[in-house]
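Each remark here refers to the structure printed beneath this line.
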Amino acid sequence: MSSTDLSAPIADGMTADRARVMARRRLLFFTLVSLTCLGLFGWMTRLVGADGIDLFDVLVLALYGGTLPWVVIGLWNAVIGVALIYLKRDWLRAVVPLAGLDDADSPIVTRTAIVMPVFNEDPERVFKHLRAIEASLERTGQADAFEFFLLSDSRIPEIFEEEERRFETWRRTSAHPERLHYRRRLDNVRQKVGNLESFCDRWGHRFAHMLVLDADSLMSGEAIVRLVRLMQRNPRLGILQTLVVGLPAASPFARMFQFGMRHGMRSYTTGSAWWQGDSGPYWGHNAILRLAPFMRHCRLPRLPGRPPLGGEILSHDQVEAALMRAAGYDVRVLPVEGGSYEENPPTLPDFIKRDLRWCQGNMQYVRLIGWKVWRPLGRLQLALAILMYLSPVMWMGFLFAGLLRTMATALFPGTDFAFMPAVWERVASGEGVALFGTMMTIIFAPKIFGVIDVMLSAAKRRRYGGALRTLAGTAVEMTFGALLAPIVAVAQTVFVIGLMFGKKVAWNVQARDLKTVAWSRAVRGLWLQTLCGVLFGAALWAWAPGALPWAVPLLAAWILAVPFAVLTSSARLGRLLRHVGLCAVPEEIEPTAEVAEVMAPTPLPVLVGGAVLAPTMTLGHAVPSSPES
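Following numbering that gives the first Met the number 0, the numbering of the sequence shown begins with 0 at its first residue and continues without gaps.
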């Protein structure tokens, strides 16, 4: 099979039987989500409408209803995912019906470009990851089918000069230097999108596939070869996304965050892949793309209007996935752990910064969602990406609308604005407690079901250090998550409102190394959360003291935002968690060869003629092998 054989446009060839299966799955899923949302909405209506419904109640209920779809979708994704894993004998084939899922022997007969776009990233990390991937591919015996491309948009001389030096060292020490390429653009127009477009225009015709990596990405040779074999066996497959998990982290923040994500993503992604099928997600990295249709159908236009909602499309991945599906090619996720890794932000301020970048990109989809080209699931993917950031805004609106109504009861008794006593009586009753507990369970459902998945398997428990450490780590992470969510919700709400007035964030390099958050930085970044907690708590104490017990988790998150940011950046806390084995991912307990290589400490510099020389650095200024013309 040649690359030419894989490049022709392909009509949507889903069989009638397969189409009926997917239609039934989607109908069942949307029925479950709809009935659950209606049940929860009716339950809240019963509580709020204890003394009748007025216009203010309608606002409160509308905001509450707007928060439900996102969390309920997460609930049913997790439930379906765990049910499939434990009740379906061949669950992976049911979720991802691709030819060659068990293929570990067929030859690689196509060429694949492994592409890493970088912008002012740490060269040491970049080359450590690339060299680990190269070594892992060599161990598969299939390395001849791959070439590496480091596509630099770096603008800082110290960084791109170091990139060039380390690249020349890599070429000199590689058994196959002809497979290694470095190119730095002199003009980084369109940022990452433009960087990849430039690669496609210049080299894309030489390859059947492109494997896209981020600067912190790591993949095993076995995982990469498996992706290529699946692309070869399934010519309708346009994008295949791996399940990306976090690398072992020294940062307490990243450690706890990715421990919860590890559990939540496994069941969540399996469930979502079951009903999304051939219209799945693309997360922009650690995924393989079929280059010919990608170049033909996925070039992104510039949005009309000015930034932040106009201009260049920032969150390009979901748009490219929807365009690929609109062209008749499948977009799927392989919900299997192993061989695909990334790093997470090391501190709370860095996490919020990255999250707001994604928020700005996702909110641009409001100008894309009406395009006629989209298939129904492609349009839904864009809608869900928008809802991901609108849900916290509506949740904040719901909280403050309830607070205003409570204040109106005290300040204007006997008026139409008063919050009738019967409502508080019902909310404070067992029925109100039950609804609160139900909502908390739904919100944490993906993580809960992920932990259940681990606890049901002796092999999985061992990978996490045993049942006791798994449960203790879960308790720590649940507390961490309960504090994190309200803090981030305030930042998202303020930012979404700011977008309406032209506020935007710069898409600069992401922080990846742990640096303790100073108290002054934490106060500058999180003073609004602290103020929200103080004012919200004072208002409840003055006008609705009976509601204070209900609000303790929320108030604690906001009031403790500053010390939370400082504490979760503490290297000492990180060492303590590692020492006792809390919130450890399996690769920390039993690292793979690739993980062990990138996590190994960098050797100390050596003295050469009285000068300090880093081990992987060469003297002089290297010339890029493929300079941008």
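The beta carbon of each residue, even a glycine, is placed where N, CA and C say it ideally should be. Since the structure is predicted, the reported quantities are computational estimates derived from the model, not experimental observations.
When DSSP labels each residue in this structure, what does residue i get in the three-state scheme?
i: Leu97; result: coil
i: Ala541; result: helix
i: Gly464; result: coil
i: Val432; result: helix
i: Gly41; result: helix
i: Arg189; result: coil
i: Leu302; result: strand
i: Pro116; result: strand
i: Thr30; result: helix
i: Gln509; result: coil
i: Gly497; result: helix
i: Pro626; result: Reliability fails at Pro626, whose pLDDT of 38 lies under 50, so the model's placement of it is uncertain and the value that follows must be treated cautiously. Residue state, collapsed to three classes: coil.
i: Leu179; result: strand
i: Phe145; result: strand
i: Ser197; result: helix
i: Leu603; result: With a pLDDT of only 43 at Leu603, under the threshold of 50, the placement of this residue in the model should not be trusted; the figure read from the coordinates follows. Leu603: coil per DSSP, three-state reduction.
i: Gly310; result: strand
Please confirm whether residue i and residue j have their CB atoms less than 7 angstroms apart.
i: Arg331; j: Gly263; result: no
i: His284; j: Val192; result: no
i: Leu39; j: Met393; result: no
i: Ser107; j: Ala144; result: One point to set straight first is that residue 107 is Ile, not Ser, in the sequence displayed. Yes, the pair counts as a contact, with Cβ atoms nearer than the cut-off.
i: Ala541; j: Pro485; result: no
i: Phe147; j: Leu179; result: yes
i: Thr469; j: Val489; result: no
i: Pro344; j: Gly573; result: no
i: Trp373; j: Ala320; result: no
i: Glu596; j: Ala248; result: no
i: Lys127; j: Pro306; result: no
i: Ala481; j: Pro552; result: yes
i: Phe198; j: Asp152; result: no
i: Glu311; j: Arg189; result: yes
i: Pro122; j: Glu163; result: no
i: Val114; j: Met230; result: no
i: Asp102; j: Gly237; result: no
i: Arg110; j: Leu150; result: no
i: Ala77; j: Ala444; result: yes
i: Pro391; j: Gln491; result: yes
i: Leu631; j: Trp42; result: Residue 631 cannot be examined here, being either before or after the span of the chain that is shown, 0 to 628.
i: Gly338; j: Ala222; result: yes
i: Arg232; j: Ala98; result: yes
i: Gly532; j: Leu554; result: yes
i: Trp274; j: Arg24; result: yes
Express the C-alpha separation of residue j and residue i in angstroms, rounding to a whole number.
i: Leu581; j: Leu575; result: 9 angstroms
i: Glu157; j: Leu467; result: 47 angstroms
i: Phe256; j: Asp104; result: 37 angstroms
i: Arg170; j: Glu341; result: 25 angstroms
i: Met260; j: Phe448; result: 12 angstroms
i: Tyr388; j: Phe494; result: 10 angstroms
i: Leu403; j: Leu539; result: 10 angstroms
i: Ile79; j: Val227; result: 28 angstroms
i: Met362; j: Leu386; result: 9 angstroms
i: Gly73; j: Lys459; result: 23 angstroms
i: Arg571; j: Arg577; result: 10 angstroms
i: Val579; j: Ala407; result: 50 angstroms
i: Pro300; j: Asp200; result: 16 angstroms
i: Ala214; j: Lys514; result: 19 angstroms
i: Leu37; j: Thr437; result: 14 angstroms
i: Leu308; j: Gly140; result: 47 angstroms
i: Leu383; j: Gly276; result: 16 angstroms
i: Leu367; j: Asp512; result: 35 angstroms
i: Thr66; j: Pro590; result: 39 angstroms
Since residue i is in the alpha helix (DSSP H), which residue starts that stretch and which ends it?
i: His128; result: Pro122 to Thr139
i: Lys85; result: In the sequence as displayed, the identity of residue 85 is Tyr instead of Lys. Here the alpha helix (DSSP H) through Tyr85 covers Leu54 to Leu86.
i: Ser266; result: Pro251 to Gln275
i: Gln317; result: His315 to Ala325
i: Arg164; result: Pro156 to Thr172
i: Leu210; result: Careful: Leu210 lies outside any alpha helix (DSSP H), inside the beta strand (DSSP E) at His208 to Val211.
i: Pro106; result: Element bounds for Pro106: n/a, residue is neither H nor E.
i: Trp557; result: Leu547 to Ile558
Within the continuous beta strand (DSSP E) that includes residue i, where are the two ends?
i: Phe443; result: No beta strand (DSSP E) contains Phe443, which DSSP labels as neither H nor E.
i: Ala286; result: Ala286 to Arg289
i: His578; result: No beta strand (DSSP E) contains His578, which is instead part of the alpha helix (DSSP H) from Ala570 to Val579.
i: Ile238; result: Leu236 to Thr241
- Quick one: which unbroken beta strand (DSSP E) runs of 3-plus residues sit fully inside the stretch 328 to 409? Chain order, please. 329 to 333 and 339 to 341
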